[in-house]
Amino acid sequence: MSTTLFYLAIGIGLWLMGLHGLLATRQSIILVLAINIMSSGTFMVMVALATHSDPVDPVLQALVVTGLVVAVSATALALRLAASRRRRTEDDAT
Amino acid sequence: MMALAGFLLLTALAGLWRLLRGPTRADRLLPIQFFGTTGTTVLLILAQAQQQPALRIVALLLALLAAVVPIALVQYLRRVGD
Amino acid sequence: MTDWLALLSWVPLLAGAFFFLAGTVGLLRFPDIYSRLHAITKADTLGLGLVTLGLIMRAENWQAVAVMVLIWLLMMGSGATTCQLLARYQQDLEAPDADKEPVHARR
Amino acid sequence: MPDAEWLFDGTLGILLLVLAGAALHARSLYAAVVMFIALGLMLALTWARLGAPDLALAEAAIGAGVTGALLFSTLYKAGMDRHKRATPNRIALLLPGLAFLLLLTAAWPLPEMHSPLPDQVMAHLKDSGVSHPVTAVLLNFRAWDTLLEVSVVLIALLGVRQLYPSHGEVPTPWPLMLAWGRLLAPLTVIVGGYLLWRGTDAPGGAFQAGTVLAAGGVALRLIGVLPPLGWHQWPVRLLVLAGVLVFVAVAALTAWLGQGWLHYPTGSSKVLILLIELMATASIATTLTLLVVGEKRELRP
Chain V
0 MSTTLFYLAI
10 GIGLWLMGLH
20 GLLATRQSII
30 LVLAINIMSS
40 GTFMVMVALA
50 THSDPVDPVL
60 QALVVTGLVV
70 AVSATALALR
80 LAASRRRRTE
90 DDAT
Chain Y
0 MMALAGFLLL
10 TALAGLWRLL
20 RGPTRADRLL
30 PIQFFGTTGT
40 TVLLILAQAQ
50 QQPALRIVAL
60 LLALLAAVVP
70 IALVQYLRRV
80 GD
Chain C
0 MTDWLALLSW
10 VPLLAGAFFF
20 LAGTVGLLRF
30 PDIYSRLHAI
40 TKADTLGLGL
50 VTLGLIMRAE
60 NWQAVAVMVL
70 IWLLMMGSGA
80 TTCQLLARYQ
90 QDLEAPDADK
100 EPVHARR
Chain F
0 MPDAEWLFDG
10 TLGILLLVLA
20 GAALHARSLY
30 AAVVMFIALG
40 LMLALTWARL
50 GAPDLALAEA
60 AIGAGVTGAL
70 LFSTLYKAGM
80 DRHKRATPNR
90 IALLLPGLAF
100 LLLLTAAWPL
110 PEMHSPLPDQ
120 VMAHLKDSGV
130 SHPVTAVLLN
140 FRAWDTLLEV
150 SVVLIALLGV
160 RQLYPSHGEV
170 PTPWPLMLAW
180 GRLLAPLTVI
190 VGGYLLWRGT
200 DAPGGAFQAG
210 TVLAAGGVAL
220 RLIGVLPPLG
230 WHQWPVRLLV
240 LAGVLVFVAV
250 AALTAWLGQG
260 WLHYPTGSSK
270 VLILLIELMA
280 TASIATTLTL
290 LVVGEKRELR
300 P
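If you read the protein sequences in the order shown, they are chains V, Y, C and F. Numbering that gives the first Met the number 0 puts the first residue of the first sequence at 0, with every later residue one more than the last. Numbering that gives the first Met the number 0 puts the first residue of the second sequence at 0, with every later residue one more than the last. Numbering that gives the first Met the number 0 puts the first residue of the third sequence at 0, with every later residue one more than the last. Numbering that gives the first Met the number 0 puts the first residue of the fourth sequence at 0, with every later residue one more than the last.
Structure follows, in structure tokens:
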């Protein structure tokens, strides 16, 4: 088993862990974390493949850089949605 | 050199126990600081072992963030109160 | 890079690894947060310094040395500061009014 | 020495999986968030190990910097109490199990395949105006993607503006925070600028630089060195929009005068790329800072 294959497996593992979290919890902030873990798994598969090719694949790496920034801004929006929903339900309750 | 880096990661793995255990909020931030230091060291070793000087810049960035981010986190924690 | 320097560099490298180990033991075994803070921020910063020293002995050019020295300085500063910040946060939690007047509130 | 590498890879793999699992099953939201920050740090190490310094830079700045502050600010708004714990139900275990088998069979032959893209990038690198392949892909060959990415960041900010604004008092900073923050501020700017500048011929670039500056901006805002930031201030608005505006302007100009949409004329591509990168850095830094600490209330709920 090569290093590439090892990190491919870890990437798949992370992705599945995120999927499991997505299905097992109903807490909105944890859901956002789960989606982020899934995306990290995907990135790891891509980076492992990028490293494997010779020369190192710059297209895959550039895609992941783009993906990271998009992921963080989507996370910001999702977290704000989760927080405001939480607060609004509390306001209604009181 | 890789063995040394692996050893440092093992100590990080041991430090994980404190992260899982707590008990106080500040206790859980300790391993973050610890991972920051360990991570910087591992990056420096990797830069040497894999002959990738760019990783030294990553280490510099990690060290800078390890200095900047605790300020933000502690301020947020104080704001949360209880 | 001369051979004897590479050999000699193992001394600080291994000493650094030892201090990382010591820091981890402290993190896991010390009884309260204040002592654990010391274990993390002092022992590990020393470990980082020693490993950096070892790597400097093996560095190829002066830019690498400069970056590593800068990292080491930053880490010393951030270790000391973070230790203070976390300790003070914890202290405020435990005794919210204790530090309003006394010793360190001098202006 | 392959054994040492296995020690490293194996430990890193265990750390990643344990941290991911712990983040999803932690007892309190606070613990989950801290685990996730630690996971970000370890991911940065993984990218470094896999020989992708560009990604390690971006992940360190995002995972260890911006995301941490973002999650903590959410905790502050949403409260840290918990939380229905994840209940182990059958679907949640069964479906990933099935997916695992599928994915493994799909991934097994992947390392054998070879993409023609790296060779094409290397062949055209000379014409791109920059000598670092990742930057060439980001800002020349696939500049269209990057334009869309900058727009996505902008749209996220516009979305956040429509929601409940955070309206918290910043606690009075301790003198130590102020002194240390003021010391770090110029250093952050220098490192950010350096990352931007070296992006053309070495790992680094607009996103990494922007994110570092954002991390610094958030910390400075939280200790009150920066004034409150809001969309109503015109410099903020200008900085946020600068990236997209300049990018679109360059795209339109190349379409109008040159050979096509985002097809830089030979000779001036380096200047154009630097201009776009500079503006994108400013935009990303401001936008991410606003996403974390934007705090002027505008819409009545």
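All C-beta atoms, glycine included, are put in the ideal place defined by N, C-alpha and C. Every value quoted in this text rests on a predicted model; they were computed, and no experiment measured them.
Considering only beta carbons, the part of the region 8–30 of chain V lying closer than 9 Å to chain F consists of Ala8, Ile9, Gly10, Ile11, Gly12, Leu13, Trp14, Leu15, Met16, Gly17, Leu18, His19, Gly20, Leu21, Leu22, Ala23, Thr24, Arg25, Gln26, Ser27, Ile28, Ile29, in chain order. Going by beta carbons, Val152 (chain F) and Leu287 (chain F) fall inside the 9 Å limit. Bounds of the alpha helix (DSSP H) holding Arg48 (chain F) are 28–48. Residue nearest to Val224 (chain F) within the set F:Pro185, F:Ala25, F:Ser130 is F:Pro185 (criterion: CA-CA distance). Between Phe19 (chain C) and Leu76 (chain Y), the alpha-carbon positions lie close to 28 Å from each other. Taking a cut-off of 8 Å on C-beta distances, the region 67–85 of chain C does not touch the region 62–75 of chain V, as fewer than three cross pairs fall below it. Pro234 (chain F) carries a helical assignment under DSSP once its states are collapsed to helix, strand and coil. Around the beta carbon of Ile189 (chain F), fewer than 16 other beta carbons sit within 10 angstroms, so the residue counts as exposed. Tyr75 (chain F) is positioned such that its CB atom lies closer than 9 Å to that of Val79 (chain Y).
Contact annotation: Val65 (chain F) and Val243 (chain F) have beta-carbon atoms that are not nearer than 9 Å. It is roughly 41 Å from the alpha-carbon of Leu124 (chain F) to the alpha-carbon of Leu6 (chain C). Among the residues facing chain Y, Ser77 (chain C) is included, as its CB has a counterpart in that chain under 9 Å away. Listed along chain Y, no residue sits closer than 8 Å to Phe17 (chain C) by beta-carbon distance, the nearest being about 10 Å off. The C-beta of Ile36 (chain V) comes closer than 9 Å to at least one C-beta of chain F. DSSP places Trp61 (chain C) in the uninterrupted alpha helix (DSSP H) bounded by 61–93. Between Tyr6 (chain V) and Trp173 (chain F), the alpha-carbon positions lie close to 44 Å from each other.
Segment contact: the region 47–60 of chain F against the region 48–67 of chain Y, three or more CB-CB distances shorter than 8 Å; contact assigned.
Of all residues in the region 62–77 of chain Y, those with a C-beta nearer than 8 Å to a C-beta of chain C are Ala62, Leu63, Ala65, Ala66, Pro69, Ile70, Val73, Leu76, Arg77, reading in chain order. Of all residues in the region 33–49 of chain F, only Met34, Phe35, Leu38, Gly39, Leu42, Thr45, Trp46, Arg48, Leu49 come within less than 9 Å of chain V when Cβ atoms are compared, listed by chain position. Counting C-beta atoms within 10 angstroms of its own C-beta, Asn35 (chain V) has 16 or more neighbours from the protein chains shown and is therefore classed as buried. With a 10 Å radius around the Cβ and a threshold of 16 neighbouring Cβ atoms, Leu103 (chain F) comes out exposed. Listed in chain order, the non-local C-beta contacts of Gly38 (chain Y) below 6 Å within the same chain comprise Leu61, local neighbours out to five positions each way being set aside. With a threshold of 9 Å between beta carbons, Gln207 (chain F) makes contact with chain Y. Under the 10 Å beta carbon count, Met43 (chain V) is surrounded by 16 or more other beta carbons and is classified as buried.
Chain F has a Cβ within less than 9 Å of the Cβ of Arg87 (chain C). Three or more Cβ pairs closer than 8 Å define a contact, and the region 43–56 of chain V falls short of that threshold against the region 19–35 of chain V. The Cβ of Leu6 (chain C) sits no closer than 9 Å to any Cβ of chain Y. Pro132 (chain F) and Thr145 (chain F) have their alpha carbons spaced roughly 15 Å apart. The DSSP-derived three-state label of Phe29 (chain C) is coil. In the three-state reduction of the DSSP assignment, Ser267 (chain F) falls in the coil class, being assigned neither a helical nor a strand state. Using a Cβ-Cβ cut-off of 9 Å, Gln49 (chain Y) counts as an interface residue toward chain F, since at least one Cβ of chain F sits closer than that to its own. Between Val68 (chain V) and Glu148 (chain F), the beta carbon gap of about 6 Å places them in contact (Cβ cut-off 8 Å). Contact of Leu195 (chain F) with chain C is not assigned, every C-beta pair being separated by 9 Å or more. Not a single CB atom of chain C sits nearer than 9 Å to the CB of Leu18 (chain F). Exclusion of the five residues before and after Met176 (chain F) leaves Ile222 as the residues of its chain whose Cβ lies within less than 7 Å of its Cβ. Within chain F, Pro110 have C-beta atoms less than 7 Å from the C-beta of Thr3 (chain V), given in sequence order.
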